[in-house]
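Going by full-length UniProt numbering, the sequence shown opens with residue 1, and the numbers climb by one from there.
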Amino acid sequence: MPIEDGINLLTVIKATSMYRRSRKHNHVSDFLPPTMTEFKETFEKDTTSPVILSTLKDGNIVRGLSGVPDVGPVLLVGYHMLMGLELGPLTEAFLREKKVVVHGMAHPMLFSSKIESSQQEISRHDLMRVFGAVPVSPINMYRLFSKKSFVLLYPGGAQYKLFWPDQAEFVRMAAHFGVTIVPFGVVGEDDIAELVVDYNDLQSIPFVKEWIRQVNEDTVRIRADVNGELSNQDLYIPGILPKIPGRFYYLFGKPIETKGMKDVLEDRTNANALYLQTKSEIERIITYLRRKREEDPYRSIFQRALYQASWSSTQHAPTFQL
1 MPIEDGINLL TVIKATSMYR RSRKHNHVSD FLPPTMTEFK ETFEKDTTSP VILSTLKDGN
61 IVRGLSGVPD VGPVLLVGYH MLMGLELGPL TEAFLREKKV VVHGMAHPML FSSKIESSQQ
121 EISRHDLMRV FGAVPVSPIN MYRLFSKKSF VLLYPGGAQY KLFWPDQAEF VRMAAHFGVT
181 IVPFGVVGED DIAELVVDYN DLQSIPFVKE WIRQVNEDTV RIRADVNGEL SNQDLYIPGI
241 LPKIPGRFYY LFGKPIETKG MKDVLEDRTN ANALYLQTKS EIERIITYLR RKREEDPYRS
301 IFQRALYQAS WSSTQHAPTF QL
């Protein structure tokens, strides 16, 4: 059967999880790294000109990812922007600078046939799989840490606020493998899109409410053992209006070592203290970035375009003073 021009068969096979080494598909062991062609086609256009910062062991903030360990296992714990807008630049930065794939722990619904795109081209959800996303679950996290992978986890949050469960979900497993935890924050969603229809608005529209119920009814509840609203969160697509693009700002905090701390973190009190420390650091980073971006003379896409026209179309526009 002839293949349409511009469609890469290998990409389709990976995006649809058709490749497998055994009868049952394993999202971790059956993963094939993205090719250079897939990398270029996905990341060649980026209007947000992301500012990527990291923190060295001495506390100094530098541009780039030199403050993040080069070797795993590493757990990146952070804040999830609206519709995961931050995922593309983050994935690109680690592939380009660290030469590693970051495996995002994604909602199981994104791997369901119910949410498959009707578009002919590779969808955004397909690309998540191509670039390493796996369904969030303890067993997948265990497998990734066993392979010394870089793992991306979002415990919960919206509109620059964190909503985390009470339990220290990831700390004890991280300690078991001696994982380095890197808290990080990212801001910029409000500079690229405006939320106009939220979950409550959608629930007031009968046919939309029914659609949300149907697509979520057979999905595994990732926090079924958690009390309160966090256990009943539905996956949905909010209504947004695009803005003239601003800029994304990322800051990876000082790495937190858990190697040699397995016995200490087996204690629930100690594990919870590290859990809250990680959360507090992410909140501090978000506050820092929201304040510092006001000092960036190139926050606007127009200012960045003028800079690149004056200097070099490939040169990254500078940012606020560190």
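Don't be surprised by glycine CBs; every beta carbon is placed ideally from N, CA and C. No experiment lies behind these values; they were computed from the predicted model shown.
Assumed close pair residue i, residue j - CB separation to whole angstroms, cut-off 8 angstroms
i: residue 150; j: residue 179; result: Not quite, the Cβ-Cβ distance comes to about 10 angstroms (not below 8 angstroms), so this is no contact.
i: residue 181; j: residue 77; result: 6 angstroms
i: residue 253; j: residue 184; result: 6 angstroms
i: residue 152; j: residue 107; result: 13 angstroms between Cβ atoms; not a contact.
i: residue 284; j: residue 187; result: Wrong, their Cβ atoms sit about 13 angstroms apart, outside the cutoff.
i: residue 48; j: residue 89; result: 6 angstroms
i: residue 275; j: residue 251; result: That pair is no contact at about 20 angstroms.
i: residue 304; j: residue 160; result: Incorrect: roughly 23 angstroms between the Cβ atoms, too far for contact.
i: residue 240; j: residue 162; result: At roughly 21 angstroms, the Cβ-Cβ gap does not stay under 8 angstroms, so residue 240 and residue 162 are not in contact.
i: residue 80; j: residue 157; result: 6 angstroms
i: residue 105; j: residue 141; result: 7 angstroms
Simplified DSSP state of residue i, which is helix, strand or coil
i: residue 319; result: coil
i: residue 53; result: strand
i: residue 108; result: helix
i: residue 229; result: Only weak support exists for where residue 229 lies, its pLDDT of 46 falling under 50; the coordinates are left without a value.
i: residue 306; result: helix
i: residue 205; result: coil
i: residue 39; result: A caution first: residue 39 carries a pLDDT of 49, below 50, which makes its placement in the model too unreliable to give a value.
i: residue 85; result: coil
i: residue 90; result: helix
i: residue 117; result: Confidence in residue 117 is poor, its pLDDT being 48 and thus under 50, which makes the residue's placement unreliable; the coordinate value appears in the next sentence. The answer is coil: DSSP assigns residue 117 none of H, G, I, E or B.
i: residue 301; result: helix
For residue i, the first and last residue of its enclosing alpha helix (DSSP H)
i: residue 275; result: 268–292
i: residue 264; result: 262–265
Residue range of the unbroken beta strand (DSSP E) whose run includes residue i
i: residue 96; result: Where residue 96 is concerned, there is no enclosing beta strand (DSSP E), given that its DSSP letter is neither H nor E.
i: residue 252; result: 249–252
i: residue 62; result: 61–63
i: residue 71; result: Here residue 71 belongs to no beta strand (DSSP E), and DSSP marks it neither H nor E.
Contact test: residue i Cβ vs the ligand ZN heavy atom, cutoff 7 angstroms
i: residue 172; result: Annotation note on the ligand ZN: not contained in the displayed structure, which lists no ligands.
| Hey, is the stretch 179–194 in contact with the stretch 303–321, meaning 3+ C-beta pairs nearer than 8 angstroms? | no
| message | Please give me, in chain order, every unbroken run of the beta strand (DSSP E) with length at least 3 that falls completely inside the stretch 121–194. | response | 150–153 and 180–187
| request: Mind the definition here: the stretch 55–68 touches the stretch 156–173 only if three or more C-beta pairs lie below 8 angstroms; say whether that holds. | output: no
| the stretch 294–305 touching the stretch 92–101, judged by at least three CB pairs closer than 8 angstroms | no
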